[in-house]
Amino acid sequence: MPAAFAEPSPGRGATFMAPGPPSHPAGERAISVLWSFCKCLGALLPVYLAGYYGCSVSVVLFGLMLYMGWKHGRQGKMIRLKSAMYLLENEREFTTESVLRAKRDLPPWVNFPDVEKVEWVNKIIQQAWPFIGQYLEKLLVETIAPAIRASSIHLQTLSFTKVNIGDKAAKVMGVKAHTEQDSKQVMLDLYLSYAGDVEVNVEIKKYFCKAGVKGVQLYGKLRVILEPLIGDLPLVGAITMFFIRRPKLDINWTGLTNLLDIPGLSTMSDTMIMDAIASYLVLPNRLTVPLVPDLQIAQLRSPLPRGVVRIHLLEAEDLTAKDTIIKGLIDGKSDPYAVLRVGTQMFTSHHVDNNLNPQWREMFEVIVHEVPGQELEVEVFDKDPDQDDFLGRVKVDLDIVKKARVVDDWFNLRDVPSGSVHLRLEWLSLLSSAERLSEVIQKNQNLTSKTAEPPSAAILAVYLDQAHDLPLRKGNKDPSPMVQISAQDATKESKTCYGTNSPVWGDAFTFFIQDPSKQDIDIQVKDDDRALSLGSLTVPLMRLLASPELTMDQWFQLENSGPASRIYIKTVLRILWLSDDATPTTPSPRPSGPGTQVGPGGLAPDLSLGPGGSAKPGPTRPQQTSPDPEFATEGVLRIHLVEAQNLIAKDNFMGGMVKGKSDPYVKIRVAGITYRSHTIKENLNPVWNELYEVILTQLPGQEIQFELFDKDIDQDDFLGRFKLNLRDIISAQFTDTWYTLNDVKSGRVHLVLEWLSRVSDLSRLEQILLYQEQQSYQNKVVPSAAALFVYVERAHGLPLKKSGKEPKVGADVLLKNVSQRTKVCERSTSPRWEEAFHYLVRDPTDESLIVKLSHSWGQALGSLTLPLREVLMEPGLVLDRWFSLEGALPESQILMRVTLRVLDTQLAVCRRAPGDADGDVGGDGVIPRWVPSHLDIRQRSGFSMAYDNVSTAGQVKLTIGYSTEENRLFIVVHSCRTLAACSKDGADPYVSFVLLPDKKATTKRRTATKKRDLNPEFNERFDFDFTLEESIQRRLDLSVKNSVSFMSRERELIGKLQLDLDQIDLKASVAQWYDLIAEPN
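Its first residue numbered 2, the sequence shown is counted upward by one per residue in our numbering.
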């Protein structure tokens, strides 16, 4: 029986009497005295040698300091080890003592109710611990030691002289099971704790070197995944183990490795050992043990990530001031920066000088391998020349981000008196189809941050399996191949397989890709010295985009290698998709007090934020919707296609000897919608008189394209085209003019374009309806009187399916003959859609909105009929509340916002009320509608000259705005058009300006010069550190000039612009064309 079982286990609270010292022979006592004398002599020997060789006293003092540091660290480790052993032996008494009930000292099964205490497992481990020790001793002596001796000639005399794992067994403090993730796996979290008296000694006889370990502490959460579950014994295909975060490690060294307990070396040694453990057992690395044959071990060892989290580090507030003056008598500020960690991924922001409310505006992307489990940790520090000061930390469970899709919150910093940090976290799902790739890239182009790298559109996973028949080295020696894989400016290396030309690596790598259509995978197979190339391969990602499920799994022939040299890799591309319906409306407000966490849309999150955040339960149901700020901001463009003149005759006869006519029609393209007029037979001056209306979002650069064609039996002939900028139409509000056709000899088109004003004035509705009745168009269109905007947020208390299961609910929103559908939500009786729709309404007094809910567009779950007359009775023409559903349960409701806007037109006139004789008005009682000229630069008071008497010299496009986030005024000079030529070669224009009053010309700026261009593009931005009050008091004095030499006679000034900034809505920051005033002769 082993010695560990020879003694009876002591009962709780028992005390032991140490036996008296046995009598020793005289020889042993003499050896003991001699050993004590030698130790004293060894302690004095360094002092003697220092004096003998004339060394400075500082050397002796430095050695003494090292010894004292080592002694202090050694004693600290022994105290921690003994305390941990005591805690494990007396866990129940420790947790029941009221004095020691701090949360950090309690085991996981006390802190978290869903963590189960598995004492029976610990009893099994304790009982089997001596036999585990025998196995480890055999493993070290018979397997590991020979492998170490064979690895180097210097280690041929290495041996393990003692292997004893001690009596203290490792303990499982708690187990948490996750069965909701995947039905084909079992996921367990094991909270491990080991504080043992393990003793392992190593000796290298050749160098008289002894080293060892006596006492180890290890704490961590080990995740064990049993997958795949199979129908045959042993029911589990493989066991995968890994630590989600680095475990805590503390080691007591003996022998020569005592030096590693010296301060500085101790931290370094523990870090190196943790790095070695992390390379095998900390995410993203996993240890996989197959239990059945023919498993794809690489897929289990390196599965695809669960998703990607895009972290927006926005700002912080109320940080602690660390840079104090005169020893704290005068409060200073801090130079804060943030460190972000997710597993082994770490990022550092830039630091902001002297600011307790810094704004970083940086973006980072991290790969999430396991949820639940992985956390985002953010630590804030004050940048100092010596040691950076700690300003607080926060932790966020990424499982919350996965469920919420977007978290935009302020988080209170922990372990400091004050401070909070504003984070926006976005969960990006992985799509196995490239259908939305172009949409993702377009969205990413609109994102801006201070980081140099733009957002990624996809992630690429490369599984490096094996190679076959690689070329040999010189002398027909087998190579030691390794692989370098490069993608998106990142290069990663595989492990090295020594002494083989058919290596098996089994490695996996992950890359972020910004645009897969423009990237390649570059694979270089090299010898371990990185100098000898064994082959190369380039795989364009376009091949992946055309592959099924964006995956390629095959052998590839290596280039610049042997004729039969091949490499087997599997490449998987996944598109990063942020669901539109998950985007929160606005960033959450600042927390009102300590511990307050405000969630998306102003609601506190329902889920705990984990160790780093406070847990505030949110309200059960909101009483009103929280749509996006852009909701109901779309406008309506009315296009009246009147007629055309002088079109080209395309239907000629007898080879063109007899002129014919054309059968013209028009195609109008706007916002992805195409309208087509009817065809007028044999007419070069057709009159269409057709009306088109379209709801548009005001996007920069949006254009409307008009194309005319001659209708023929075979192929229609082209009659001309022209384009109009939507921004110009919105600025003018109303346009009635002829437009010349481009790319043809003759022809013009008469259009009446109107950007309809959206008002909530019911007094205008009757006049607009009266105007509609008087209009008649060839295409039978009745002008719309209003625009309806519907936001469908969520439903509650819906009935179950006939089978008793929860339904997959979709909503069908109808207005007359126009039907639009929401997405179909996952199974729930309280689905959330958060989708917006818009409609054109002919007569709001006579139409109704219908909403139908169903299970996957089949089984009806309830409906709602809302007459728009009810919306007309609401203040502001907005109805925002819960609506009861018909044909459902009594508690079934849907939360919607319905907004109505009257479409006001300048063509509708106001009629006087009977008996109103005020004003000088004609006898017909008609008052002309106002003409909106607030966007016309000629009507602004900023111009001191009479505009109509001065000729124009072109136009300049400017964006003048004020950034409240950066507290500065900015002016963007976009371009000029139709500038007046200064010579036969045109002009070399540039723009210069100054903000008056400016006596010292400190605000004078100028753009670059564009050579020989009368329509130059500049796109240059200029910033000014003014407050908003100072900005509106400025006057812009701008000149477009021609760059001329000193001796040139060419005209220098092309045109001028003067503009008072108080006439502009600086917060709107709208790009607009301004007319330039020509220099008077």
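Beta carbons are placed, not taken as given, at the ideal position from N, Cα and C, and that holds for glycine.
query, result
"Say the cut is 7 angstroms; is the CB of Q186 nearer than that to a heavy atom of the ligand ATP?", "As far as ligands go, the structure on display features none, and thus does not contain the ligand ATP."
"So E848 and K817 are supposed to be a Cβ contact under 8 angstroms. How far apart are they, rounded?", "6 angstroms"
"How long is the line joining the alpha carbons of G333 and A317, rounded to whole angstroms?", "17 angstroms"
"Per DSSP, which one or two residues make a beta bridge with V381?", "A339, G393"
"Are the Cβ atoms of Q186 and E117 separated by less than 8 angstroms?", "no"
"Count the other CB atoms, across all protein chains shown, that sit within 10 Å of the CB of P9; report buried if there are 16 or more and exposed otherwise.", "Here P9 scores only 39 on pLDDT, less than 50, and its place in the model is too uncertain to base an answer on."
"Give the DSSP-derived three-state secondary structure of E767 in the structure shown.", "helix"
"Quick one: what's M347 bridged to in DSSP?", "R342"
"When the Cα of D1063 is compared with those of T1028, V872, L559, Q1034, which residue comes out closest?", "Q1034"
"For the beta strand (DSSP E) containing W739, name the first residue and the last one.", "735 to 741"
"Between the Cα of H469 and the Cα atoms of Q703, L156, N286, Q558, which residue gives the shortest distance?", "Q558"
"Please report the Cβ distance between K177 and D115, rounded to the nearest whole angstrom; I am assuming they are in contact, meaning their Cβ atoms lie under 8 angstroms.", "6 angstroms"
"Name the residue from E683, H679, A645, V407 whose alpha carbon lies nearest to the alpha carbon of K662.", "E683"
"Nearest to S627 by alpha carbon, out of I961, D813, Y792, I32?", "Y792"
"I need the DSSP call for G197, collapsed to helix, strand or coil.", "strand"
"By the three-class DSSP mapping on this structure, what secondary structure does T866 have?", "strand"
"Please go through the same chain and pick out, in chain order, the residues whose beta-carbon is closer than 6 angstroms to the beta-carbon of R591, but skip the five residues on each side of it.", "In this predicted model, R591 has a pLDDT of only 47, less than 50, meaning its place in the structure is not dependable; the value taken from the coordinates is given anyway. Excluding sequence neighbours, R591 sits near W411."
"Could you spell out where the alpha helix (DSSP H) holding V439 opens and where it closes?", "What sits at residue 439 in the sequence shown is Ser, not Val. Note, S439: alpha helix (DSSP H), 438 to 446."
"Comparing alpha-carbon positions, which option in W689, A488, R224 lies nearest M188?", "R224"
"Quick one: what does DSSP say D729 is sitting in, helix, strand or coil?", "helix"
"For the beta strand (DSSP E) containing P482, list its first residue and its last residue.", "482 to 488"
"Sort out for me which residues DSSP pairs P665 with in a bridge.", "D711"
"Could you check whether G863 and S893 sit closer than 8 angstroms to each other, using their CB atoms as the reference points?", "yes"
"Which of the three DSSP states is assigned to F412 in this structure?", "strand"
"Can you check whether the CB of V417 is closer than 8 angstroms to the CB of L392?", "yes"
"Could you say which of T830, H641, A650, V395 lies nearest to D737 if we only look at CA atoms?", "H641"
"Based on DSSP bridge pairs, tell me the residues matched to D881.", "R898"
"Does the count of Cβ pairs from the segment 883 to 899 and the segment 748 to 766 closer than 8 angstroms reach three?", "no"
"Would you kindly check if the distance between the Cβ of G238 and the Cβ of I231 is under 8 angstroms?", "yes"
"How far does the alpha helix (DSSP H) with G134 in it extend, from its first residue to its last?", "120 to 140"
"Enumerate in chain order the residues of its own chain whose CB-to-CB distance from T965 is below 6 angstroms, with the five nearest sequence positions on each side excluded.", "none"
"From the DSSP output, in three-state form, read off Y54 for me.", "coil"
"Given a threshold of 16 other Cβ atoms within 10 Å of its Cβ, counted over all protein chains shown, does D1026 qualify as buried or as exposed?", "exposed"
"Cβ of S537 within 8 angstroms of Cβ of N561?", "yes"
"Taking buried to mean at least 16 other C-beta atoms within 10 Å of its own C-beta, is T698 buried or exposed?", "exposed"
"Less than 8 angstroms between C-beta atoms, sequence neighbours within five positions excluded: which residues of the same chain meet that for A5?", "At A5, the pLDDT of 39 sits below 50, so the modelled position is not reliable; the number obtained from the coordinates is stated separately. Within the same chain, A5 has close Cβ partners W130, P131, D168."
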